[in-house]
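Residues 746 to 905 (the working numbering) make up the sequence shown, in order. The C-beta atom is built at its ideal place from N, Cα and C for all residues, glycine as well. Here the structure comes first, spelled out in structure tokens, and everything after it is commentary.
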Amino acid sequence: MKITRIVPAIIAGVSALLFAGTVMAHGDVTPQVVDTHLLPSVGEKWLDQNPYRGNAAAIKIGSSAYGQNCARCHGLEAISGGIAPDLRKLDRDCMTQKDETKKAACFTENDQYYLGSVRRGKVRNGAVYMPPFEGIFNQEAMWAIKSYLESVRDVPVASK
746 MKITRIVPAI IAGVSALLFA GTVMAHGDVT PQVVDTHLLP SVGEKWLDQN
796 PYRGNAAAIK IGSSAYGQNC ARCHGLEAIS GGIAPDLRKL DRDCMTQKDE
846 TKKAACFTEN DQYYLGSVRR GKVRNGAVYM PPFEGIFNQE AMWAIKSYLE
896 SVRDVPVASK
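Here you go:
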């Protein structure tokens, strides 16, 4: 009789421990400042394409900014734990394009999608899945993070 009471209690306790980390991992957090003073200014107008693609300084700044602001949801080194999208795969479709014109257009479209997502966040049915970062990060910080993500992208096997 006692075992039938203990087993449900153990299951409930283990379940609470397992889900507590998930719930607490996405609590309110204060975005961390991204120091972009070492990067060339991109101006006031929002760009359609990443101006820092392949820029080592931008990748370093973006890596730090990602770790402080994005990793809690998107995973360390952009490897998702399943809660939020794996950002290493953000422009994976572009990598398989053989036609250079289509490939360039794909990267531009992907850059625009990324920037819109970071600026405005993601909200579905009134639930905030990703907060908006416009007004918190400058454009240079957003593009530095994108440069970092490009440096750790998951390249399809056929393109390697």
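Quick check: the Cα distance between residue i and residue j, rounded to an integer number of angstroms?
| i | j | result |
| --- | --- | --- |
| glycine 866 | aspartate 844 | 32 Å |
| lysine 848 | arginine 837 | 11 Å |
| alanine 886 | valine 779 | 6 Å |
| valine 873 | glycine 880 | 17 Å |
| leucine 918 | glycine 807 | Since the first residue shown for the chain is 746 and the last is 905, residue 918 is missing from the structure and cannot be characterised. |
| glutamine 777 | proline 876 | 13 Å |
| cysteine 818 | glycine 871 | 19 Å |
| serine 896 | tyrosine 858 | 18 Å |
| leucine 835 | leucine 821 | 15 Å |
| leucine 832 | arginine 864 | 16 Å |
| arginine 869 | glycine 812 | 25 Å |
| glutamate 789 | asparagine 814 | 23 Å |
| valine 787 | serine 809 | 20 Å |
| glycine 799 | threonine 846 | 19 Å |
Can you tell me whether residue i is helix, strand or coil according to DSSP?
| i | result |
| --- | --- |
| lysine 867 | strand |
| glutamate 789 | coil |
| histidine 819 | helix |
| leucine 783 | coil |
By Cβ distance below 7 Å, which residues in the same chain neighbour residue i in space, the five residues on each side in sequence not counted?
| i | result |
| --- | --- |
| tyrosine 797 | Leu784, Ala803, Trp888, Ala889 and Ser892 |
| asparagine 795 | Asp856, Trp888, Lys891 and Ser892 |
| serine 825 | His819 and Asp831 |
What distance in whole Å lies between the Cβ atoms of residue j and residue i, which are believed to be in contact at a cut-off of 8 Å?
| i | j | result |
| --- | --- | --- |
| asparagine 883 | threonine 775 | The pair is not a contact, with the Cβ atoms about 17 Å apart (cut-off 8 Å). |
| alanine 823 | leucine 894 | 6 Å |
Looking only at its own chain, which residues have a Cβ that is under 6 Å from the Cβ of residue i, when we skip the five neighbours before and after it?
| i | result |
| --- | --- |
| cysteine 851 | Cys839 and Gln842 |
With a CB to CB cut of under 8 Å and the five nearest residues on each side skipped, what residues in its chain are close to residue i?
| i | result |
| --- | --- |
| aspartate 899 | Asp831, Arg833, Lys834 and Arg837 |
| serine 862 | Met875 |
TODO: Kindly provide the ranges of any beta strand (DSSP E) runs that are 3 or more residues long and lie completely inside the stretch 870–896, ordered along the chain.
DONE: 872–875
- [ ] Would you mind listing the alpha helix (DSSP H) stretches within the stretch 791–858 that are 4+ residues and don't spill past its ends, in chain order?
- [x] 801–814, 816–819 and 837–840
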